[in-house]
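A.B. asks: Below you will find the structure I want to go over with you.
Residue numbers (the numbering used here): 199 to 684.
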């Protein structure tokens, strides 16, 4: 039987066995001669035990649990020199051809199902990936949140009066942003698959940073709504694009903990941004401009206004632009494509590349179905849309943030005189809900508690008198918005 190719579709994969002659012809047209030769070379061994698989790991690696790490529970000692390679379909000579990666997959030259590595080698490689790949991904994500929170902090200045706008105009701008953000999600991911996330992500960052800088020149309602729409279009899809990129380097058990750090970095960035905003908003009057205008610019050396302001002025949009330009050089296409003219030695040697590629493919063979410059067809998209098992997840993803979104938008404005960073409570809420989720071993139901948690505090805010105690209002508002971190 000829080997078949899998059909990936936004994470959903459908596999069919080819039994008819027509099916075999289609398979032969999809797989080049070189790929078939490599499969034949692997499967033509007379003795399937030629590859020693006695030392393969049969158990799934346990997922990282924050509670175990904190309380030092279930810590097992592993021989660092023991084989860490886990058994997969590639150790079965009958199954391996059906899961073989495409001939044009960018990492196929380093894929070796016979390769074995130790726990120490895998740990050292993972540490290197964390520092080289994950760290910069967190920095990029922080840049997104730095710019996304600009408007909230600007609203704590005289943003609306200066532009002659009302609260309704501000609300409309937020709605326009979210609608544009939502509409850009799918197109952004299609572009990312076609161009490659290593190209599209830094391009997105540069585009929205320029638009953010352009908000310095806002003149009224029309320009405000236009920039909100453009920002939504440029930022939409950034997060799933970044997660797609990380999946090239991490297995399914390694990625969740990294994504948790991903979101924690967002809160840390919010705290940093709050202090940054406090200083920048006090620049009101510099060069005759409002403080919120300076807020939309970042890391810019302004010698022109040295007499009336510090030599080094910190503004926001330019920080993201610098990070975006650097990302073009800090984000290689994949684990085997780290060598380039400005990085001649690359990040990994040949042995590390083999381990990085093989372990990811052993964990999820569907990652070899498409190369990192291959776009998605309409047929594949439609198949994903018709996967009704995921519909409840889509609905939850669209609706979960609605209750706490309005109070979050006005959090900085409501608490401008208290000066307590709300992101701290968000991090505490995230930490707490993680421990609860691990204890009950449930994700979906615990995540759905968010809106239930927020409801009594939203009712309390609604029933408070017109001039309530600042601290009563603060506690109610903070507890309601903290649920957004769950």
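All C-beta atoms in this analysis are idealised placements derived from N, C-alpha and C, irrespective of residue type, glycine included.
Report the start-end ranges of each beta strand (DSSP E) in the segment 536–623 that is 3 residues or longer and not cut off at the edges.
C.D. replies: Within the segment 536–623, no run of beta strand (DSSP E) at least 3 residues long lies entirely inside it.
A.B. asks: On the criterion of 16 or more Cβ atoms from any shown chain inside 10 Å, does residue 452 qualify as buried, or is it exposed?
C.D. replies: Taking the chain shown and counting its residues from 1, the one referred to as residue 452 is at position 254. Residue 452 comes out buried.
A.B. asks: Please state whether DSSP places residue 316 in a helix, a strand or coil.
C.D. replies: As a working mapping, residue 316 is identified with position 118 in the chain shown. Reduced to three states, the DSSP call for residue 316 is strand.
A.B. asks: Let's see if you can read the secondary structure: which residues bound the alpha helix (DSSP H) around residue 356?
C.D. replies: As a working note, residue 356 is residue 158 in the chain shown. Counting along the chain, residue 356 falls outside any alpha helix (DSSP H), and DSSP gives it neither H nor E.
A.B. asks: Starting from residue 651 and walking both ways along the alpha helix (DSSP H), at which residues does that stretch end?
C.D. replies: Translated into the one-based positions of the chain shown, residue 651 becomes position 453. Membership of residue 651 in the alpha helix (DSSP H) is indicated by the continuous run 642–661.
A.B. asks: Counting contacts by CB-CB distance shorter than 8 Å, is residue 328 in contact with chain E?
C.D. replies: In the displayed structure, chain E is absent; only one protein chain is listed.
A.B. asks: Quick one: using the 10 Å Cβ neighbour count with 16 as the cut-off for buried, is residue 580 buried or exposed?
C.D. replies: In the chain shown, the residue the question calls residue 580 occupies position 382. Classification for residue 580: exposed.
A.B. asks: For residue 284, does the three-state DSSP call read helix, strand or coil?
C.D. replies: Counted from its first residue, the chain shown places residue 284 at position 86. Of the three classes helix, strand and coil, the one that applies to residue 284 here is strand, per DSSP.
A.B. asks: So residue 339 and residue 440 are supposed to be a Cβ contact under 8 Å. How far apart are they, rounded?
C.D. replies: Sequence index remark: in the chain shown, residue 339 carries index 141 (1-based). Sequence index remark: in the chain shown, residue 440 carries index 242 (1-based). So it is a contact: roughly 6 Å between Cβ atoms.
A.B. asks: Within 10 Å of its beta-carbon, does residue 227 have 16 or more other beta-carbons around it, so buried, or fewer, so exposed?
C.D. replies: Start at 1 with the first residue of the chain shown, and residue 227 comes out as number 29. With a pLDDT of 46 at residue 227, under the threshold of 50, the modelled position of this residue cannot be trusted, and the question is left open.
A.B. asks: Pull up the distance between the alpha-carbon of residue 594 and that of residue 467, whole angstroms please.
C.D. replies: Position 396 of the chain shown, counted from the start, is the residue given in the question as residue 594. Position 269 of the chain shown, counted from the start, is the residue given in the question as residue 467. One C-alpha to the other measures close to 26 Å.
A.B. asks: Give the range of the alpha helix (DSSP H) segment to which residue 410 is assigned.
C.D. replies: Taking the chain shown and counting its residues from 1, one reaches residue 410 at position 212. Counted as a single uninterrupted DSSP element, the alpha helix (DSSP H) harbouring residue 410 occupies residues 395–412.
A.B. asks: Starting from the C-beta of residue 618, find all residues in its chain whose C-beta is less than 6 Å away, skip the five residues before and the five after it, and write them out in chain order.
C.D. replies: Taking the first residue of the chain shown as 1, we reach residue 618 at position 420. With a pLDDT of only 49 at residue 618, under 50, the local geometry of the prediction cannot be trusted, and no value is derived from it.
A.B. asks: What is the DSSP secondary structure of residue 255, counted as helix, strand or coil?
C.D. replies: The residue given as residue 255 occupies position 57 in the chain shown. Residue state, collapsed to three classes: strand.
A.B. asks: At the level of alpha carbons, what is the spacing between residue 229 and residue 410?
C.D. replies: Sequence index remark: in the chain shown, residue 229 carries index 31 (1-based). Sequence index remark: in the chain shown, residue 410 carries index 212 (1-based). At residue 229 the pLDDT is 42, less than 50, meaning the model places this residue with poor confidence and gives no usable figure here.
A.B. asks: Could you tell me whether the segment 541–548 touches the segment 411–428, where touching means 3 or more Cβ pairs closer than 8 Å?
C.D. replies: no
A.B. asks: Would you check if there are 3 or more beta carbon pairs closer than 8 Å linking the segment 320–328 to the segment 414–425?
C.D. replies: Fewer than three Cβ pairs drawn from the segment 320–328 and the segment 414–425 lie within less than 8 Å of each other, which leaves the two stretches out of contact.
A.B. asks: Would the segment 553–573 count as touching the segment 295–306 if we require 3 or more Cβ pairs under 8 Å?
C.D. replies: Yes: at least three Cβ pairs fall under 8 Å.
A.B. asks: With a cut-off of 8 Å on the beta carbons, I'd call residue 461 and residue 628 a contact; round off their distance for me.
C.D. replies: As a first step, residue 461 must be located in the chain shown, where it is residue number 263. As a first step, residue 628 must be located in the chain shown, where it is residue number 430. Right, the Cβ-Cβ distance comes to about 7 Å (below 8 Å), so this counts as a contact.
A.B. asks: Got a sec, what are the start and stop residues for the alpha helix (DSSP H) residue 289 sits in?
C.D. replies: Taking the first residue of the chain shown as 1, we reach residue 289 at position 91. Careful: residue 289 lies outside any alpha helix (DSSP H) and carries neither H nor E.
A.B. asks: Drop a sphere of 10 angstroms on the beta-carbon of residue 626, count the other beta-carbons inside from all chains shown, and report buried for 16 or more, exposed for fewer.
C.D. replies: Here the question's residue 626 lines up with position 428 in the chain shown. So residue 626 ends up on the exposed side.
A.B. asks: How many angstroms separate the CA atom of residue 653 from the CA atom of residue 670?
C.D. replies: Position 455 of the chain shown holds residue 653. Position 472 of the chain shown holds residue 670. Using only the alpha carbons, I get a separation of about 16 Å.
A.B. asks: For the segment 528–537 and the segment 286–299, state whether three or more C-beta atom pairs, one from each stretch, are separated by less than 8 Å.
C.D. replies: No, they do not touch.
A.B. asks: If you drop the 5 nearest sequence neighbours on each side, which residues of the same chain put their C-beta closer than 8 Å to that of residue 256?
C.D. replies: The sequence position of residue 256 within the chain shown is 58, counting from 1. Once the five neighbours on either side are set aside, the close Cβ partners of residue 256 are 284, 285.
A.B. asks: Considering only residues of the same chain and omitting the five flanking positions on each side of residue 367, which have a CB-CB separation below 6 Å?
C.D. replies: Position 169 of the chain shown holds residue 367. For residue 367, where only same-chain residues beyond five positions count, the Cβ hits under 6 Å are 419.
A.B. asks: By Cβ distance below 8 Å, which residues in the same chain neighbour residue 523 in space, the five residues on each side in sequence not counted?
C.D. replies: Here the question's residue 523 lines up with position 325 in the chain shown. 400, 404, listed in sequence order.
A.B. asks: With DSSP run on the structure shown, which of helix, strand or coil describes residue 528?
C.D. replies: Within the chain shown, the letter at position 330 stands for residue 528. Reduced to three states, the DSSP call for residue 528 is helix.
A.B. asks: Just to confirm before moving on: does the CB-CB distance between residue 693 and residue 388 stay below 8 Å?
C.D. replies: Residue 693 lies beyond the range of the chain shown here (199 to 684); nothing can be said about it.
A.B. asks: Buried or exposed: residue 600, going by 16 or more other Cβ atoms within 10 Å of its Cβ?
C.D. replies: Counted from its first residue, the chain shown places residue 600 at position 402. Result: exposed.
A.B. asks: Would you kindly check if the distance between the Cβ of residue 381 and the Cβ of residue 402 is under 8 Å?
C.D. replies: Sequence index remark: in the chain shown, residue 402 carries index 204 (1-based). Sequence index remark: in the chain shown, residue 381 carries index 183 (1-based). No, the pair does not count as a contact, with Cβ atoms beyond the cut-off.
A.B. asks: If I follow the unbroken alpha helix (DSSP H) through residue 439, where does it start and stop?
C.D. replies: Position 241 of the chain shown, counted from the start, is the residue given in the question as residue 439. Where residue 439 is concerned, the enclosing alpha helix (DSSP H) stretches over 436–444.
A.B. asks: Apart from the five residues just before and just after residue 383, which ones in its own chain have a Cβ nearer than 6 Å to its Cβ?
C.D. replies: Along the chain shown, one-based indexing puts residue 383 at 185. The residues are 434, 435.
A.B. asks: Put residue 221 into one of helix, strand or coil per three-state DSSP.
C.D. replies: Translated into the one-based positions of the chain shown, residue 221 becomes position 23. Its pLDDT being 47, under 50, residue 221 is placed unreliably in this model, and the value from its coordinates should be taken loosely. Three-state DSSP puts residue 221 in a helix.
A.B. asks: What residues in its chain sit with their C-beta under 6 Å from that of residue 656, if we drop five residues either side in the sequence?
C.D. replies: What you label residue 656 is simply residue 458 of the chain shown in a count that begins at 1. If we look at residue 656 and ignore the five residues flanking it on each side, its Cβ neighbours are 678.
A.B. asks: Confirm, please, whether the CB-CB distance from residue 459 to residue 336 is below 8 Å.
C.D. replies: Against the chain shown, residue 336 aligns to sequence position 138. Against the chain shown, residue 459 aligns to sequence position 261. In this structure, residue 459 lies closer than 8 Å to residue 336 by Cβ.
A.B. asks: What residues in its chain sit with their C-beta under 7 Å from that of residue 398, if we drop five residues either side in the sequence?
C.D. replies: In the chain shown, residue 398 corresponds to position 200, counting from 1. The residues are 389, 390, 439.
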